[in-house]
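Below is one structure, written out as C-alpha cells; comments come after it.
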Amino acid sequence: MCGIVGYIGEKNAQQIIVEGLRKLEYRGYDSAGVAVWTGTELLLDKAEGRLAVLEERLRQKPLSGSLGIGHTRWATHGKPSDENAHPHTDQSGAFAVVHNGIIENYLAIKEELLAKGYTFKSETDTEVIAHLLADMYDGDLVSTVKRAVQRMRGAYALGIMSAHEPDKLVAVRLASPLIVGVGSGENFIGSDIPAILEHTRDVYILNEGEMAVLTRSGVELLSVESGERIERELFHVEWDLVQAEKGGYDSFMLKEIFEQPQAVRDTIGPRIDEANKRVVLPELKMSDEELASFDRIYIVACGTSMHAGLVGKELIEKLTRVPVEVAIASEFRYRDPIVTPRTLMIVISQSGETADTLAALREAKQKGVKVLAITNVVGSSVSREADEVLFTWAGPEVAVASTKAYTSQVVVLYLFGLYLAQAKGTQTTEQIAEVVEQLQQLPAKITAVLQDTDGVRRFAESIKDVTSLFFIGRGLDYAVSLEGSLKLKEISYIHSEAYAAGELKHGTLALIEEDVPVIALVTQPDLYDKMISNIVEVKARGARVLGFAQEGDTELAKTVDQVVHIPATLPFLSPVLTVIPLQLLAYYASVARGNDVDKPRNLAKSVTVE
Ligand code: M6R
Numbered sequence: 000m001c002g003i004v005g006y007i008g009e010k011n012a013q014q015i016i017v018e019g020l021r022k023l024e025y026r027g028y029d030s031a032g033v034a035v036w037t038g039t040e041l042l043l044d045k046a047e048g049r050l051a052v053l054e055e056r057l058r059q060k061p062l063s064g065s066l067g068i069g070h071t072r073w074a075t076h077g078k079p080s081d082e083n084a085h086p087h088t089d090q091s092g093a094f095a096v097v098h099n100g101i102i103e104n105y106l107a108i109k110e111e112l113l114a115k116g117y118t119f120k121s122e123t124d125t126e127v128i129a130h131l132l133a134d135m136y137d138g139d140l141v142s143t144v145k146r147a148v149q150r151m152r153g154a155y156a157l158g159i160m161s162a163h164e165p166d167k168l169v170a171v172r173l174a175s176p177l178i179v180g181v182g183s184g185e186n187f188i189g190s191d192i193p194a195i196l197e198h199t200r201d202v203y204i205l206n207e208g209e210m211a212v213l214t215r216s217g218v219e220l221l222s223v224e225s226g227e228r229i230e231r232e233l234f235h236v237e238w239d240l241v242q243a244e245k246g247g248y249d250s251f252m253l254k255e256i257f258e259q260p261q262a263v264r265d266t267i268g269p270r271i272d273e274a275n276k277r278v279v280l281p282e283l284k285m286s287d288e289e290l291a292s293f294d295r296i297y298i299v300a301c302g303t304s305m306h307a308g309l310v311g312k313e314l315i316e317k318l319t320r321v322p323v324e325v326a327i328a329s330e331f332r333y334r335d336p337i338v339t340p341r342t343l344m345i346v347i348s349q350s351g352e353t354a355d356t357l358a359a360l361r362e363a364k365q366k367g368v369k370v371l372a373i374t375n376v377v378g379s380s381v382s383r384e385a386d387e388v389l390f391t392w393a394g395p396e397v398a399v400a401s402t403k404a405y406t407s408q409v410v411v412l413y414l415f416g417l418y419l420a421q422a423k424g425t426q427t428t429e430q431i432a433e434v435v436e437q438l439q440q441l442p443a444k445i446t447a448v449l450q451d452t453d454g455v456r457r458f459a460e461s462i463k464d465v466t467s468l469f470f471i472g473r474g475l476d477y478a479v480s481l482e483g484s485l486k487l488k489e490i491s492y493i494h495s496e497a498y499a500a501g502e503l504k505h506g507t508l509a510l511i512e513e514d515v516p517v518i519a520l521v522t523q524p525d526l527y528d529k530m531i532s533n534i535v536e537v538k539a540r541g542a543r544v545l546g547f548a549q550e551g552d553t554e555l556a557k558t559v560d561q562v563v564h565i566p567a568t569l570p571f572l573s574p575v576l577t578v579i580p581l582q583l584l585a586y587y588a589s590v591a592r593g594n595d596v597d598k599p600r601n602l603a604k605s606v607t608v609e
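Position 295 of the sequence shown, counting from 1, maps to 294 under numbering that gives the first Met the number 0, and the rest follow consecutively.
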C-alpha cells in the first residue's frame, strides 16, 4: 500500500522523509520519491525499486530544504517505473503532489486538461491532480486545493506543496488514512503513525472530507466542503513502533481483517457506472464480442484464491449460464485440459507469484487459451504474463493467512460475472442494477459484521482444546465453508473438514459424536430446509452446532446451540459477509492456543516453488 510522509520545520526535510518512508516499508511498495523546496525552487527525485535506490541517488545529489513530501508507491494506475513514481508535478513544476488511493474520475479530468494543452509524463491518476491545481490556482493554495478536491471522486489521501506558497504543507483525506503529527516548530503528515513516531507522539487523525494546513508554527484543520475550522483534541500515541506498524492491532492478520471494508470499497469503486448502475472494466482490452464468445471458463488457483474461484463459479454460472470449472493449479498444469478457442481461463493469485498458478497460466497460453488474471500485485509475474488483468485493490497483505485478498477476489469475480452478463445479455438492466446496488452496500455491511464479534470469540475460545471439527454448508455456503476450514487449520492447527452438508451421511457422519463442534452455514434460502435436516442429523449424534444465518432469521436458533447473524443481502452476495466471522473464528482460536497468528508453522506467504 502506498505511503505518504511530509515535513515542514527547520530540519533537513529529505532525511526526515526518507526515514519516515523506511518506517512504512512493511506496507509494501515498488517505487519511492521525494520533493523538497530548496528555498529557491521545488526539486524532486524518484526511482523505481527499493528505497535504497532512491537513497543512493539522493546521496549523490541531495535535496536540501526544510519543507518536503515523500511517497512509497504500490502501483495502481500504471506499472512500477520512475515516471509513475510520486511525487508528481504540474508542467511548470510549481505544484508537487503525493497521493494514496484512487481518483475515480481522473480520465474525465485528464481529457479536459489535455484539451487545454497540458501534457502528461506518467500513466497515473495522481499527475492529473498536479495539473488541475496549476490550472485552478487563484493565488491561494488552500482555497485552490479545496476547489480542486471537490472535483475529484474516489478514495484518497493527498499531500500537496507549492513553490508559490513555500510556507505551507496541505493534506487532504477522503477515505484513505492520513494523520498529522504535531511537533515544536515543526509539523508532519503521514499515512500511518510509524512514519512520524520518532519525532512526535501527538497526532491529529484526519476524518473523511477533512484537510489540514501545516505551517512551521501550527496546524489548522478544515472541512473540505464548508471550509469551516475544525477543533479537535490531539491524540497521544502510546504504541511502540511494532504496535504502530500493525495500526494498534495485535497482528497483521487482525489489521487486514479490519481493512476489508476499505479493500472491498476500493476494489468496487472505480468499476461502477453510477448513472446507469452497470459495471465498467476499462482495463480489459478484449471487446464485448470476444467476451461474449466464450462458452467455457476454467478458474485456476491455489488455496484461498482457489476458494474464491469456487464462489466465482457459482455466481458466473448463475449470471451468465456459461459453464465454469474450478481447478487446483497444481493439478491443472499436468492434466491436459480440454480447451477450444472459445475457452477463457481465469487465474487468481494474491501475490501473482505462486509457482503452480504461474505454470498453469503458461501451460494454458501455450495451448492458445486467453488468460485473464485476478491479482493484487501490479507488476507481478501473473499480471505481466496474462493477456488481461483485473487487479484487486486490497493493498499489500502481510499475514500468511489470506483475508482481505479473498474478499477482494470474490468482489472482482462478481464484477466480472456482471460484466460478462452485460456482454452476453443474460441479465436485464434492472437485474444488473439491483446486484450493483447491493454490491456497493457490502463495505458498510462488513463494517457491521466487524462491530459485533463477541459470539464468534466465545465459540472460538470454546474450541481451543478440541482435536477436530466440521464445517457444513450447501451451494455457496459450502464454498465459504472450505475457506473457513482452511483458515482455521492454517493458523490454529485444529484439524477441520468442510463438507457439502448433503454428503455427510455418505461416510463422515460416522465421526460425529458427543460434543463434536460443527459450524453450519445457512444463508441460502433455497437450501434452507435441506440444511436444517442436515443440522438435525448431526445434533441427533450429539454435535455442538454454531449456525450462521442472515439477519432476520429466527428459525435457526431453535435447532442449533448458538447463532451468529450476518447482515441481510442478496443470498448470492453473502459469501463476502459470511467469511468474515469465519476468519475471526480462526483468529481467536489461534490466539487462544497461543500461536503466532501472522506466521503459522511450515507456511510461507508466497509459494514460489512447486
Ligand atoms: O498468492 P496466491 O493467492 O497465489 O496464494 C495462494 C495460496 O498459497 C494462498 O491463498 C494460501 O492458501 C493462503 N495462505 C491461505 O490463507
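Ideal Cβ placement from N, Cα and C applies to all residues, glycine included.
Note that this is a predicted model, so its numbers are computed, not measured.
Of the listed residues the options, nearest to residue i (C-alpha basis)
i      : options                        : result
Gly483 : Val338, Asp451, Ala307         : Ala307
Ser573 : Arg592, Arg473, Glu554         : Arg473
Asn83  : Glu185, Tyr28, Ala211, Ala170  : Tyr28
Ala107 : Arg150, Ser91, Asp476          : Arg150
Gly424 : Ala174, Leu283, Glu288         : Glu288
Gly182 : Ala162, Thr214, Val169, Leu205 : Thr214
Tyr477 : Val455, Thr446, Ala519, Ile445 : Ala519
Tyr117 : Asp124, His130, Tyr105, Thr125 : His130
Pairwise C-alpha distance: residue j and residue i
i      : j      : result
Val346 : Phe234 : 44 angstroms
Val127 : Asp294 : 40 angstroms
Thr558 : Ser382 : 47 angstroms
Gly32  : Ile195 : 17 angstroms
Ile271 : Met285 : 18 angstroms
Ser292 : Val370 : 14 angstroms
Pro176 : His505 : 51 angstroms
Leu43  : Leu50  : 15 angstroms
Pro86  : Gly100 : 14 angstroms
Glu641 : Ser63  : Residue 641 falls outside the range modelled here, since the chain spans only 0 to 609, and no answer is possible.
Leu545 : Ile493 : 16 angstroms
Ser491 : Pro599 : 8 angstroms
Glu122 : Thr607 : 30 angstroms
Glu429 : Tyr297 : 28 angstroms
Ala385 : Tyr405 : 20 angstroms
Ala585 : Gly593 : 12 angstroms
Gly138 : Val399 : 50 angstroms
Asp134 : Ala156 : 20 angstroms
Gly378 : Thr553 : 48 angstroms
Glu103 : Asp464 : 48 angstroms
Pro322 : Lys312 : 8 angstroms
Continuous alpha helix (DSSP H) stretch holding residue i: start and end
i      : result
Phe571 : It is not in any alpha helix (DSSP H) - Phe571 carries neither H nor E in the DSSP assignment.
Lys488 : 475-491
Leu253 : 251-257
Ile337 : Run containing Ile337: none; DSSP gives neither H nor E here.
Glu429 : 428-439
Gln13  : 12-22
Phe415 : 403-423
Gly541 : No alpha helix (DSSP H) contains Gly541, which DSSP labels as neither H nor E.
Arg361 : 354-365
Ala459 : 453-461
Closer than 6 angstroms: residue i CB and nearest ligand 1 heavy atom
i      : result
Thr356 : yes
Ser350 : yes
Thr143 : no
Thr406 : no
Thr266 : no
Val377 : no
Ser304 : yes
Ser401 : yes
Thr353 : yes
Val606 : yes
Cys301 : yes
First through last residue of the beta strand (DSSP E) which encompasses residue i
i      : result
Ser65  : Where Ser65 is concerned, there is no enclosing beta strand (DSSP E), given that its DSSP letter is neither H nor E.
Thr342 : 342-348
Leu213 : 209-213
Tyr498 : 494-499
Arg172 : 168-173
Asp201 : 201-204
Val517 : 516-521
Ile7   : 2-7
Residue i beta carbon near ligand 2 (any heavy atom closer than 6 angstroms)
i      : result
Ala588 : Judged by which ligands are present, ligand 2 is missing from the structure shown, whose ligands are ligand 1.
Which parts of the region 100-160 are runs of the alpha helix (DSSP H), unbroken and 4 residues or longer, counting only runs that do not cross its ends?
As far as the region 100-160 is concerned, its whole alpha helix (DSSP H) runs of at least 4 residues are 105-114, 125-135, 140-149.
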